[in-house]
Amino acid sequence: MKFVQITSKLFLLLWLLTNIASANPIYYELTDIGGGSYEYQYTVDNQTLSPIEEFTIWFDLGLYDNLLISASPSLDWDGLAIQPDPLLPDDGFADWLTFGAAINPGEMLGGFRVEFDWLGSGTPGAQFFEIIDPENFTASSSGLTQITQTATSTSVPEPGTWALMGVGLLLLGVRRFRKTIDK
């Protein structure tokens with residue numbers, strides 16, 4: 003009985019850790035405007051326990067130029083584009099901040115758009131992003147943008163690294179525990 007209680011508590015702890023550690027995905031769609039110009043359309047998915055009020059998407063120096071915020075989802079969201087600067091040298095970024103309509107936990111919000119000139123070969127891809135805490139201007143989470151899944155493909159969520167490691171260690175412990183009981 004005690005083993006069952008310990009095991010269930012361990013599973014609950016591992017489940018909570020994997021949910022807390024999950025990143026906030028930002029999905030993108032890419033549109034070719036023509037003449038080497040493209041537009042990203044972003045959708046932010048809040049998978050945490052706190053609202054998202056600010057986020058930044060980075061544009062690599064030497065690959066992007068002439069950044070322009072072409073749309074925001076509402077007047078509550080203010081977008082700012084800073085160009086990549088070869089003199090510093092520093093990457094460019096697009097930053098959105100709201101003072102009213104935050105993206106609450108479990109919600110998704112789309113309509114964030116950036117036009118740009120692509121200087122690289124092939125087509126543009128994923129970018130680094132940060133979810134920013136607007137009170138102290140630190141990144142609360144970060145990751146790479148993900149291409150929007152089409153209706154024909156489905157994604158299967160993968161368990162977190164710690165969850166897999168924990169389950170493996172738990173199974174090894176159970177096996178060892180059973181061997182000591184059998185002796």
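In terms of the working numbering, the sequence shown is residues 3 to 185.
All C-beta atoms, glycine included, are put in the ideal place defined by N, C-alpha and C.
On a predicted model such as this, the values are computed, not experimentally measured, just so you know.
- Of all alpha-carbon atoms in Leu32, Gly38, Ile133, the one lying nearest the alpha-carbon of Thr50 is that of Ile133.
- The criterion of a C-beta distance shorter than 8 angstroms is not satisfied by Ser74 and Glu117.
- Taking 8 angstroms as the cut-off, the beta carbon of Gly94 is found no closer than this to the beta carbon of Phe131.
- Inter-segment contact for the region 140 to 149 and the region 29 to 45 is present: three or more beta-carbon pairs are separated by less than 8 angstroms.
- Under DSSP, Glu31 takes part in a beta bridge, and its partners are Gln43.
- For a cut-off of 8 angstroms, the C-beta gap from Trp98 to Glu56 is around 7 angstroms, short enough to register as a contact.
- When beta bridges are read from the DSSP output, Glu117 appears opposite Glu41, Leu70.
- In the DSSP annotation of this structure, the continuous segment of the alpha helix (DSSP H) that includes Ala165 starts and ends at 163 to 184.
- Rounded to the nearest angstrom, the gap between the Cα atoms of Thr100 and Gly36 is 31 angstroms.
- Comparing alpha carbon positions, the residue from Asn68, Leu77, Asp80 closest to Pro88 is Asn68.
- In the DSSP annotation of this structure, the continuous segment of the beta strand (DSSP E) that includes Ile133 starts and ends at 130 to 135.
- Here the alpha carbons of Asp34 and Ala141 stand approximately 31 angstroms from one another.
- Pro107 is positioned such that its CB atom lies no closer than 8 angstroms to that of Leu63.
- Residue pairing by DSSP places Leu82 opposite Asp97 in a beta bridge.
- With a threshold of 16 other beta carbon atoms within 10 Å, Trp79 meets it and is buried.
- For Leu146, the enclosing beta strand (DSSP E) begins and ends at 140 to 146.
- Contact check for Val46 against Met110 passes: the beta carbons are separated by less than 8 angstroms.
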